[in-house]
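Q:
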Amino acid sequence: MQHAVGGWGQPGQHPAAQVPPGGPAALGWTDPTGHLALPPGGPVPHPAPPAQGTGHATLAVLLIGPAGAGKTTVARHWAASRPVPTAHISLDDVREWVCSGFADPQAGWNEHSEAQYRLARRTCGFAARNFLANGISCIVDDAVFPDRPVVGLGGWKRHVGPGLLPVVLLPGLEIVLERNAERSGNRRLSDEEVARIHGRMAGWYGSGLPIIDNSQYDVETTARALDEVLARAIAAPPGW
């Protein structure tokens with residue numbers, strides 16, 4: 012009887028029965044039967060808990076607050092601490108791109124300061140849309156007044172998009188006065204101006220927008236509170 016010719020070696024020899032040069036040890040076998048010694052078993056760790064807060068969501072956020080609320084610092088910290096790419100845009104920074112001819116609102120709100128504000132807001136909106144189109148979240152901070160439609164939420168919604176999530180940062184007056192006193196240059200306002208702005212910002216109460224009183228919070232705690240507020244807004248989008 013003629014043996015069939017296989018592709019693994021000698022005629023009639025089953026592939027699994029072949030032993031390489033050097034014997035079974037060359038394959039890591041512990042004995043000629045091909046048994047492999049497995050490492051001893053151990054406890055299986057629990058899977059990592061799901062991401063808290065906003066997680067990996069791509070968001071467009073508008074952080075509102077008076078001078079001294081800490082909105083720029085908090086926005087930057089929140090953006091830097093997220094697990095996904097996130098950009099921060101400060102409207103004040105963009106307004107100050109204008110050097111010669113800068114219309115400082117502290118010198119009086121007029122047609123020039125309003126025009127530069129509108130231009131800065133459009134610029135911020137364009138940048139935010141560009142980041143979002145490339146999968147990068149964006150947070151913009153601005154002192155938006157509830158009683159001033161010309162520089163209100165409607166403009167931001169038009170420029171950034173309907174998915175914009177506004178959150179108000181509003182600590183107590185004594186806190187914003189202390190923080191304002193630490194500022195320098197044209198970012199520092201008079202106490203009277205700070206009090207006036209803070210009083211107008213109180214109009215956000217009852218507006219339906221989420222408000223964070225960060226009077227007793229440090230930057231990290233405030234950023235964490237912001238993330239929790241945004242997570243709830245994702246689950247139940249606000250109708251503003």
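Under this note's numbering, think of the first position of the sequence shown as 12, with each following residue one higher.
Ideal placement from N, C-alpha and C gives every residue a C-beta, glycine not left out.
(1) Sort Glu122, His67, Asp115 and Arg169 by Cα distance to Ala135 and report the nearest one.
(2) Under a three-way DSSP split, which group does Leu73 fall into?
(3) Who does Pro177 pair with in a DSSP beta bridge?
(4) Taking Val209 as part of the alpha helix (DSSP H), name the residues at either end of that continuous run.
(5) Alpha carbon to alpha carbon, how far is Val240 from Pro221?
(6) For Val151, write down the residues that DSSP places opposite it in a beta bridge.
(7) Taking only the alpha-carbon atoms, compute the straight-line gap between Leu70 and Ile208 and give it to the nearest angstrom.
(8) Just to confirm my understanding: we take Asp202, look at its own chain, exclude 5 residues before and 5 after, and list those with CB closer than 7 Å. What are they?
(9) Just the C-alpha distance for Glu193 and Gly174, rounded to the nearest angstrom, thanks.
(10) Checking the sheet assignment: what are the DSSP bridge partners for Ile223?
(11) When the Cα of Thr65 is compared with those of Trp120, Asp229, Ser148 and Tyr128, which residue comes out closest?
(12) Measuring alpha carbon to alpha carbon, tell me which residue in Gly219, His88, Thr97 and Phe113 is nearest Ala2.
(13) Apart from the five residues on each side of it in sequence, which residues of its chain come closer than 7 Å, Cβ to Cβ, to Pro116?
(14) Can you give the beta carbon distance from Ala139 to Val105, rounded, assuming they're within the 8 Å contact cut?
(15) Quick one, which of Leu164, Leu176, Leu74 and Tyr216 has its alpha-carbon nearest Asp152's?
(16) Applying the criterion that 16 or more other CB atoms from any shown protein chain within 10 Å of the CB defines a buried residue, is Asn191 buried or exposed?
A: Answer, in terms of the structure:
(1) Translated into the one-based positions of the sequence shown, residue 135 becomes position 124. The sequence as given places Cys at residue 135; Ala does not occur at that position. Selected option, being the one with the closest Cα: Arg169.
(2) Your numbering for residue 73 matches position 62 in the sequence shown. Of the three classes helix, strand and coil, the one that applies to Leu73 here is strand, per DSSP.
(3) Start at 1 with the first residue of the sequence shown, and residue 177 comes out as number 166. DSSP, once it has assigned bridges, lists Leu73 as partnering Pro177.
(4) Looking up residue 209 in the sequence shown gives position 198. Contrary to the premise, residue 209 reads as His rather than Val in this sequence. Note, His209: alpha helix (DSSP H), Asp202 to Met212.
(5) Working through the sequence shown from its first residue, we reach residue 240 at position 229. Working through the sequence shown from its first residue, we reach residue 221 at position 210. Their Cα atoms are separated by approximately 7 Å.
(6) One-based indexing of the sequence shown puts residue 151 at position 140. Leu73 and Ile100.
(7) Numbered from 1 along the sequence shown, position 59 holds the residue referred to as residue 70. Numbered from 1 along the sequence shown, position 197 holds the residue referred to as residue 208. Their Cα atoms are separated by approximately 28 Å.
(8) Mapped onto the sequence shown, residue 202 falls at position 191. Counting only Cβ-Cβ distances below 7 Å, and skipping sequence neighbours, we find Leu188.
(9) As a working mapping, residue 193 is identified with position 182 in the sequence shown. As a working mapping, residue 174 is identified with position 163 in the sequence shown. C-alpha separation (whole angstroms): 35 Å.
(10) One-based indexing of the sequence shown puts residue 223 at position 212. Under DSSP, the beta-bridge partners assigned to Ile223 are Leu180.
(11) Counting from one through the sequence shown, the residue named residue 65 turns up at place 54. The residue with the shortest Cα to Cα distance from Thr65 is Ser148.
(12) For the chain, the structure presents residues 12 to 251; residue 2 sits outside this window and is missing.
(13) On the sequence shown, position 105 is the one that residue 116 refers to. Within the same chain, Pro116 has close Cβ partners Ser124.
(14) For the purposes of this step, residue 139 is taken as residue 128 along the sequence shown, with counting starting at 1. For the purposes of this step, residue 105 is taken as residue 94 along the sequence shown, with counting starting at 1. About 11 Å; that fails the 8 Å criterion.
(15) For the purposes of this step, residue 152 is taken as residue 141 along the sequence shown, with counting starting at 1. Among Leu164, Leu176, Leu74 and Tyr216, the Cα nearest to that of Asp152 belongs to Leu74.
(16) One-based indexing of the sequence shown puts residue 191 at position 180. Asn191 is buried by the Cβ-count criterion.
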